[in-house]
Amino acid sequence: MLEERLRKLEEFRSLGVEPYPYRYEVDSYAAELHERFKDVQEIPEGKYNVSIAGRIMTKRDMGRGGFAHIQDSTGRIQIYARQDVLGKERYKIYKKLDVGDIIGVKGYVFRTRTGELTVLVQDFQLLCKSLRPLPEKWHGLRDKETRYRQRYLDLIVNPDVREVFIKRTKIIRAIREYLDSRGFLEVETPVLQPIYGGATARPFVTYHNALDMKLYLRISDELYLKRLIVGGFDKVYEIAKDFRNEGMDRFHNPEFTQIEIYQAYADYTDMMRLAEDMIYTVAMRVLGTARITYQGQEIDLTPPWRRISMIEAIEEESGINVMEAPEEEMLRVIEEKGGSVKGKPTWGKIVAELFELFVEPKLVQPTFVVDFPVDISPLAKRKRGELGDRLVERFEIFIGGLELGNAFSELNDPLDQRRRFEEQMKQRELGDEEAHVMDEDFIRALEYGMPPTGGLGIGIDRLVMLLTDSPSIRDVILFPQMRPESREV
RNA sequence: GCGCCGUUAGCUCAACUGGUAGAGCACCUGACUCUUAAUCAGGGGGUUGAAGGUUCGAGUCCUUCACGGCGCACCA
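First residue of the first sequence? That's 272 in this note's numbering, and the numbers climb one at a time after it.
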């Protein structure tokens with residue numbers, strides 16, 4: 272097949288047709304033309320001249336004329352080439368074009384007998400010879416492996432995929448507009464970090480030759496953004512690629528995009544209002560509705576969202592009062608349910624596990640789960656009131672079974688922050704590889720003083736999954752991580 | 001890491017209990033000036049993911065490996 276096309280390539284050259292020219296003047300696009308003529312039934316022939324370019328997707332040649340569809344970045348439009356218009360020689364060359372080739376066409380718009388908007392080819396130019404056949408026009412490209420590995424092919428052949436990624440861009444743009452219009456400053460912080468932090472996860476490690484030191488790809492930008500709050504930027508955000516050296520599945524890609532937002536003088540209740548309003552606004556802007564369907568589940572994103580305390584939710588679903596139940600008993604329940612707690616089972620880890628087992632699967636409508644155990648939240652401020660010895664002011668966002676975001680009233684007491692880090696270091700020594708590491712400079716920053724601050728992180732990929740009804744994170748990342756191909760290309 | 005399923009022509013898929021690997025699209029040649037899954041006639045195309053085993057004979061059965069999907073585990 273490839274040889275056949277290489278033969279054609281040489282044939283074009285010998286006919287004086289350059290198979291890879293340099294530029295082409297385009298003045299019209301498929302979608303634009305369909306829009307412009309949608310109400311015009313009788314189009315006077317020869318009046319509307321256009322120059323279009325795109326990839327040949329279908330081709331129906333007849334003796335001295337032929338139809339084809341070409342696809343540009345906006346859609347498809349039919350073209351009609353005739354020998355009596357092009358002349359015998361040019362038409363001969365036209366007939367040699369393959370599905371997959373990219374061409375430029377100059378001609379006029381008309382309607383065929385069946386009413387399809389079509390460009391009559393008065394002149395055409397080969398813009399790029401394609402050497403590999405496209406997947407079949409009817410069934411398209413179904414094989415997920417090929418679709419992820421050769422996303423370019425997926426994009427050529429499956430129009431829905433293009434739509435998903437256009438939506439992804441619109442979602443991110445809408446978030447920027449939302450935050451920018453409210454006085455937030457978009458910033459950039461290091462991807463290469465000497466000390467990684469801001470989350471509990473294993474990092475990717477790299478090495479800087481000139482500095483002769485290990486560097487880590489960030490697992491979060493949290494600690495840098497809070498340094499900026501110390502520095503006097505009151506409202507900042509960053510849309511950051513983060514990297515976590517962990518397993519991959521439908522919800523996890525080793526590199527993923529997260530937005531983190533910090534607002535001085537705010538607490539986690541402010542961040543709840545911000546989160547629900549922002550996501551609602553983005554949905555309205557991008558989808559035109561707040562009522563969405565995710566994997567068959569009807570979801571209404573209209574604020575206010577339900578708020579439940581983690582402790583109460585566990586009691587409702589399991590009957591366990593985690594504030595009083597003995598740890599051994601809770602561990603027994605976890606085991607019965609098929610769960611497990613890794614490392615040394617602390618109270619917080621047990622509570623989090625019970626939550627995952629009993630509550631998480633039931634969260635379909637947008638829900639803020641609030642107030643987490645302190646020992647699994649080393650960067651969050653203690654809950655005000657008498658529960659502050661065990662709980663922090665933290666919430667997570669669950670929508671449609673997806674864990675979408677994480678937020679807290681940020682811990683700004685440098686002495687408490689040091690104790691929390693020290694506690695994490697102990698966990699690390701006990702075998703918890705994901706425990707947070709000490710960051711002396713961050714504590715130093717807090718010692719200068721950070722105003723009370725609310726922080727919020729939202730997984731952009733998962734938000735895009737939700738708003739595009741995509742079952743897998745790989746469907747919303749253009750080039751998802753894959754093992755190297757074993758077979759020959 | 002564990003379990004289940006998958007991998008056959010460029011693409012989408014067939015091939016009963018083990019018995020000559022096939023179709024449609026794509027491709028090549030020819031016919032055809034409003035087709036649109038164009039049509040009609042003819043033609044080429046395969047180390048059945050890889051390696052090994054059982055058998056007279058393996059796409060099919062067994063083992064190992066690779067890649068992928070889903071679930072679980074791990075993990076936000």
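The beta-carbon is built from N, C-alpha and C at its ideal position, and this holds for glycine as well.
Under the three-state reduction of DSSP output, residue 615 falls in the coil class, being neither helix nor strand. Sequence-distant partners of residue 591 (beyond 5 residues in either direction) whose C-beta falls short of 7 Å from its own C-beta, in its chain, are 585, 601, 604, 625. For residue 299, the closest C-alpha among the options 682, 347, 331, 423 is that of 347. A contact is defined here as three or more CB-CB pairs under 8 Å, and the segment 447-463 meets this definition with respect to the segment 505-516.
In chain order, 593, 598, 601, 602, 605, 612 place their CB closer than 8 Å to the CB of residue 621, counting only its own chain and leaving out the 5 sequence neighbours on each side. Distance from the CA of residue 373 to the CA of residue 327, rounded to the nearest whole angstrom, comes to 6 Å.
Its chain contains 659, 663 as the residues whose beta carbon lies nearer than 6 Å to that of residue 653, once the 5 sequence neighbours on both sides are disregarded; these appear in chain order.
Sixteen is the threshold: when 16 or more other Cβ atoms of the shown chains lie within 10 Å of the Cβ of residue 576, as they do, the residue is buried. 650 is the residue among 303, 656, 650 whose C-alpha sits nearest the C-alpha of residue 496. Per the C-alpha coordinates, the member of 421, 648, 283, 362 positioned closest to residue 399 is 283. Residue 539 holds the alpha-carbon nearest to the alpha-carbon of residue 727 among 307, 539, 278, 446. Nearest Cα to residue 610 within the set 338, 629, 360, 619: 629. For residue 495, the enclosing alpha helix (DSSP H) starts and ends at 493-501.
Closest by C-alpha distance to residue 536, out of 462, 287, 498, 722, is 722. In the same chain as residue 749, and ignoring 5 residues on each side of it, the C-beta atoms closer than 7 Å to its own belong to 422, 436, in chain order. For the pair residue 420 and residue 290, the Cα-to-Cα distance works out to about 27 Å. Ranked by Cα distance from residue 467, the options 330, 513, 569 are led by 513. Here residue 390 is buried, its C-beta having at least 16 other C-beta atoms within 10 Å.
Counted as a single uninterrupted DSSP element, the beta strand (DSSP E) harbouring residue 485 occupies residues 484-488. With a beta-carbon spacing of about 6 Å, residue 288 and residue 397 fall inside the 8 Å limit used to define contacts. Where residue 736 is concerned, the enclosing alpha helix (DSSP H) starts and stops at 731-739. Straight across, the Cα-Cα distance linking residue 440 with residue 714 is about 36 Å. Of all alpha-carbon atoms in 546, 442, 642, 680, the one lying nearest the alpha-carbon of residue 738 is that of 442. A Cβ-Cβ separation of about 5 Å places residue 581 in contact with residue 640 under the 8 Å criterion. Within the same chain, Cβ atoms closer than 8 Å to the Cβ of residue 574 are found at 544, 547, 548, 551, the five residues on either side in sequence being excluded. Judged by beta-carbon spacing, residue 277 lies within the 8 Å limit of residue 402, meaning their Cβ atoms are closer than that value. Secondary structure of residue 454 (DSSP, three-state): coil.
The alpha-carbon of residue 701 is positioned some 29 Å away from that of residue 718. Cβ-Cβ distances below 8 Å link residue 279 to 367, 369, 400 in the same chain, with the five nearest sequence neighbours on each side left out; the list follows chain order. If the five residues before and after residue 331 are omitted, its C-beta is found closer than 8 Å to the C-beta atoms of 337, 338, 339, all from its own chain and listed in chain order.
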